Amino acid sequence: MSDYTPPVEEMLFLLFDVLGFTHEDLDRETVQAALEEAAKLASGELAPLNADGDKAGATLEGETVKTAPGFKEAYRHYCEGGWNAVPFDPEYGGQGLPWALAFPVQEMWQGANLSFGLCPLLNQGAVEAISTHGTAAQKELYLPHLISGEWTGTMNLTESQAGSDLGLLRAKAERGKDGTYIITGQKIFITYGEHDMAENIIHLILARLPDAPEDVRGISLFIVPKILEDGTRNAVRCIGLEHKLGIHASPTCTMEFDGATGYLLGTENEGLKCMFTMMNNARLSVGLQGVALAERAYQHAASYAQERMQGKSLANGERVVIGEHPDVKRMLLMMRAKICAARALTYEAAMALDKAQAGDEAAQFEASLLTPLVKGWGTDLAVEVASTGIQVFGGMGFIEETGAAQFYRDARILPIYEGTNGIQALDLVFRKLVQDQGQAARAYIEKMEARVEGDEVCLAALSALRQATDTLSSYIAEGRTEVAAFVASPYMTGFAQIAGGALLVSSARAAKENECGTLSAAYDELAVFYRAHLLPIAVARLSALTHQI
7 MSDYTPPVEE MLFLLFDVLG FTHEDLDRET VQAALEEAAK LASGELAPLN ADGDKAGATL
67 EGETVKTAPG FKEAYRHYCE GGWNAVPFDP EYGGQGLPWA LAFPVQEMWQ GANLSFGLCP
127 LLNQGAVEAI STHGTAAQKE LYLPHLISGE WTGTMNLTES QAGSDLGLLR AKAERGKDGT
187 YIITGQKIFI TYGEHDMAEN IIHLILARLP DAPEDVRGIS LFIVPKILED GTRNAVRCIG
247 LEHKLGIHAS PTCTMEFDGA TGYLLGTENE GLKCMFTMMN NARLSVGLQG VALAERAYQH
307 AASYAQERMQ GKSLANGERV VIGEHPDVKR MLLMMRAKIC AARALTYEAA MALDKAQAGD
367 EAAQFEASLL TPLVKGWGTD LAVEVASTGI QVFGGMGFIE ETGAAQFYRD ARILPIYEGT
427 NGIQALDLVF RKLVQDQGQA ARAYIEKMEA RVEGDEVCLA ALSALRQATD TLSSYIAEGR
487 TEVAAFVASP YMTGFAQIAG GALLVSSARA AKENECGTLS AAYDELAVFY RAHLLPIAVA
547 RLSALTHQI
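Residue numbering for the sequence shown follows the numbering used here, starting at 7 and increasing by one per position.
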């Protein structure tokens with residue numbers, strides 16, 4: 007069976023032909039060259055480490071975590087290639103390239119090796135938080151090292167008694183005499199909290215000052231380096247590694263802060279606001295992880311379907327590979343249609359993010375709206391597609407040696423990471439709809455309607471989405487928050503699936519208009535399938551909004 011091949015042609019098609027990407031320094035040929043170079047590292051070095059890393063895992067030896075064989079060398083090559091610096095500020099060593107290019111590149115790392123890709127993903131969040139809330143001195147000290155990849159960053163939120171409810175956290179911070187803070191407490195589920203791939207690890211940790219207000223209003227965010235400026239080891243260490251369902255090669259650490267030296271990021275008692283800079287960045291990236299892993303699972307299943315001889319053709323009675331059986335064809339089409347639709351939605355969010363950072367207020371609302379859609383649907387989709395991939399393999403999919411099971415195991419964490427998908431749905435309904443009385447949602451629906459003009463099936467689905475949005479808005483306006491919360495998840499999923507379907511239909515039209523050869527025929531088939539098999543399910547989800555509790 008073939009291994010992972012990054013879908014560079016489809017990435018370029020989406021960016022330039024469907025979404026209309028433009029940049030003064032990046033024409034199609036330049037972007038293609040960059041993506042092809044990234045694909046070499048992804049397919050040539052990272053993908054081959056995926057299965058072996060799953061078997062070997064990360065190991066804790068004393069206070070040192072050793073990553074799986076090959077990871078340290080691969081990370082060095084990744085940094086030497088400048089890949090860690092792609093979207094960041096040139097003032098601190100970044101390349102200053104748009105997120106619309108960074109997303110396809112990052113998709114390759116996550117598709118090739120999810121356990122590896124989690125390290126730069128967390129580092130990316132730390133860069134964003136320090137860039138946004140750090141002092142000039144903090145930016146000067148930390149950003150060049152984090153952007154180059156010499157150092158990596160972490161996000162320390164969770165405690166054993168405080169998962170998503172951060173108001174319950176117990177980690178303490180005390181003011182030191184020299185302007186520093188003394189951090190004490192324990193954090194769990196810290197991705198790459200300790201490892202051997204970088205010289206230093208910069209922990210961003212939420213803790214509470216003695217005189218802080220109660221609940222989340224009294225949380226502050228601190229920078230706690232593993233190695234201090236004078237070269238001494240800080241009082242922070244890994245005291246355990248979690249034994250997980252998947253992502254075995256990604257060390258998930260229990261971290262102990264025993265009077266560690268910390269530095270305030272932002273202002274006291276406003277740590278949650280600072281942390282959400284990391285969280286929002288990570289939520290889009292985790293949605294992208296879902297698309298990437300789904301692509302990998304699809305490629306694995308499609309390759310097997312063309313090799314496995316089993317059963318006879320219904321047409322002529324000849325023995326055929328399973329890819330010729332109608333139900334297997336249906337499963338593969340379903341996998342691919344979902345992936346292509348979700349990828350388009352994810353890249354659209356990246357483009358909105360670029361426009362928002364350039365000062366476009368409407369784009370800021372769109373990026374904010376799309377974030378829970380991308381995170382929620384992209385990660386649920388990864389589990390669905392990986393599960394279908396096992397089904398394509400049949401009994402062999404349940405056997406670890408074929409590799410299909412790893413994708414399913416790895417995917418299962420994604421709907422939980424960075425706020426469960428139920429929390430994403432609540433964010434969509436009670437923040438994104440409320441912040442502008444649903445105007446951004448309605449504007450996005452209008453945008454989709456323009457894209458699929460004349461397509462009655464898509465237009466009917468978008469009309470149902472508009473009605474559902476109005477219904478939810480009325481629940482909120484009437485104070486019926488329990489009802490709105492109860493139906494938030496089906497609304498989020500239905501919204502994302504309908505938006506993805508409209509983008510897929512738009513993609514099929516763009517492929518035909520631009521005479522994209524085999525892509526044109528492929529996307530036309532996917533659009534027809536999505537209309538018939540997936541849009542009706544998406545619309546049916548929205549009917550749940552009439553359910554009362």
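Ideal placement from N, C-alpha and C gives every residue a C-beta, glycine not left out.
Please read all numbers here as calculations on a predicted model, not as lab measurements.
Run of the alpha helix (DSSP H) containing residue i, from where it starts to where it stops
i      : result
Trp157 : No alpha helix (DSSP H) contains Trp157, which is instead part of the beta strand (DSSP E) from Trp157 to Asn162.
Phe228 : From DSSP, Phe228 is part of no alpha helix (DSSP H) but of the beta strand (DSSP E) over Ser226 to Pro231.
Leu503 : Checking the sequence shown, residue 503 turns out to be Gln, not Leu. It spans Ala494 to Glu519 - the alpha helix (DSSP H) in which Gln503 sits, taken as one unbroken run.
Glu531 : Thr524 to Phe535
His306 : Gly277 to Ala311
Ala321 : That residue, Ala321, is in no alpha helix (DSSP H); it is neither H nor E in DSSP.
Leu152 : Ala142 to Ser154
Leu251 : Note, Leu251: premise wrong, no alpha helix (DSSP H); not H, not E.
Glu35  : Arg34 to Leu47
Leu66  : Per DSSP, Leu66 belongs to no alpha helix (DSSP H); it is in the beta strand (DSSP E), Thr65 to Glu67.
Trp115 : Trp105 to Ala118
Thr477 : Glu462 to Ala483
Leu18  : Val14 to Leu18
For residue i, the nearest candidate out of the options (CA to CA)
i      : options                           : result
Thr426 : Pro110, Glu113 and Ser170         : Ser170
Tyr10  : Ala528, Gly26 and Glu113          : Glu113
His139 : Gly403, Met281 and Ala303         : Met281
Pro75  : Gly87, Asp60, Gly68 and Cys85     : Asp60
Phe492 : Phe436, Ala311 and His29          : Phe436
Val534 : Glu521, Arg515 and Cys522         : Arg515
Phe263 : Ile211, Thr552, Arg314 and Gln316 : Ile211
Leu320 : Arg302, Glu330 and Phe413         : Glu330
Asp333 : Glu455, Ala311, Ile345 and Ala350 : Ala311
Range covered by the beta strand (DSSP E) that runs through residue i
i      : result
Asp333 : Counting along the chain, Asp333 falls outside any beta strand (DSSP E), though it belongs to the alpha helix (DSSP H) covering Pro332 to Gln363.
Arg181 : Lys178 to Arg181
Gln445 : Here Gln445 belongs to no beta strand (DSSP E); instead the alpha helix (DSSP H) covers Gln445 to Arg457.
Val545 : Element bounds for Val545: not the beta strand (DSSP E) but the alpha helix (DSSP H), Leu541 to Leu548.
Asp386 : Premise fails: Asp386 lies in the alpha helix (DSSP H), Glu367 to Phe399, not in any beta strand (DSSP E).
Lys61  : Not the beta strand (DSSP E): Lys61 falls in the alpha helix (DSSP H), residues Ala53 to Ala62.
Gly440 : Gly is not the amino acid found at residue 440; the sequence shown has Val there. No beta strand (DSSP E) holds Val440; DSSP gives it neither H nor E.
Val71  : Thr70 to Lys72
Beta-carbon spacing of residue i, residue j below 8 Å
i      : j      : result
Tyr269 : Phe228 : yes
Ala347 : Leu509 : yes
Asp433 : Trp105 : no
Asp202 : Lys335 : no
Phe122 : Leu32  : no
Gly6   : Leu47  : Within the shown structure, residues of the chain are numbered from 7 to 555, placing residue 6 beyond reach of any answer.
Ile194 : Gly265 : no
Asn240 : Gly155 : no
Ile153 : Phe94  : yes
Ala356 : Glu372 : no
Asn275 : His209 : no
Ser567 : Leu20  : Outside the shown range of the chain, which is 7 to 555, sits residue 567, and nothing can be said about it.
Val133 : Val111 : no
Leu471 : Ile504 : yes
Cutoff 7 Å; reference residue i; Cβ partners in own chain excluding five residues on either side
i      : result
Ala415 : The amino acid at residue 415 is misidentified as Ala; the sequence shows Arg. The answer, listed in chain order, is Leu251 and Gly252.
Gly382 : Asn427, Gln430, Ala431, Met498, Thr499 and Ala502
Thr186 : Thr267, Gly268 and Tyr269
Glu51  : Ala80 and His83
Thr352 : Phe109, Gly293, Leu294, Val297, Val380 and Gly384
Thr408 : Phe399 and Met402
Cβ-based neighbour list, residue i, same chain, cut-off 8 Å, excluding 5 preceding and 5 following
i      : result
Glu424 : Met285, Ala288, Arg289, Val292 and Lys381
Arg214 : Leu175, Arg176, Ala177, Lys178, Ala179, Gly224, Ile225 and Ser226
Spatial neighbours of residue i in its chain, beta-carbon cut-off 6 Å, leaving aside the 5 residues before and after
i      : result
Asp2   : What the structure shows of the chain is the stretch from 7 to 555, and residue 2 is not part of that stretch, so it cannot be assessed.
Met341 : Tyr304, Val391 and Thr394
Beta-bridge partners of residue i, as assigned by DSSP
i      : result
Phe263 : Gly191 and Val242
Arg1   : What is shown of the chain runs 7 to 555, which leaves residue 1 out entirely.
His209 : Thr160 and Val230
Met315 : Val327
Tyr423 : According to DSSP, Tyr423 bridges with nothing at all.
Gly268 : Tyr187
Residue-level contact to chain C via CB, residue i, 8 Å cutoff
i      : result
Gly272 : You won't find chain C in this structure, because it holds only one protein chain.
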